[in-house]
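Here is the structure we will look at, set down as structure tokens.
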Amino acid sequence: MQEYEELKRLIDEAESDIKKAEGGNKAAGTRVRKQMQQIKQAAQAVRNKVLETRAVE
Numbered sequence: 172m173q174e175y176e177e178l179k180r181l182i183d184e185a186e187s188d189i190k191k192a193e194g195g196n197k198a199a200g201t202r203v204r205k206q207m208q209q210i211k212q213a214a215q216a217v218r219n220k221v222l223e224t225r226a227v228e
């Protein structure tokens with residue numbers, strides 16, 4: 172499922188900024204918040220795809 176692969180990619184990309192933000196880097200914290208919004212949207216896309224698949228069956 173393409174939507175799930177996109178979600179995994181976004182999570183992987185956020186990892187380094189999350190570690191930097193934990194160390195007190197404010198710019199990394201800002202990037203993490205932006206990435207979390209993208210992750211939220213990607214998770215919703217996965218959810219919708221699953222519901223779509225279930226409706227077809």
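For the sequence shown, this note's numbering gives the first residue as 172, with consecutive numbering after it.
Heads up, the beta-carbon is just placed ideally off N, CA and C, and yes, glycines get one too.
{"Asked": "Exposed unless 16 or more other CB atoms sit within 10 angstroms - verdict on D188", "Found": "buried"}
{"Asked": "Under the three-state DSSP convention, the category N219 falls into", "Found": "helix"}
{"Asked": "E177 to Q208 span [Cα, whole Å]", "Found": "14 Å"}
{"Asked": "M172, DSSP secondary structure in three states", "Found": "coil"}
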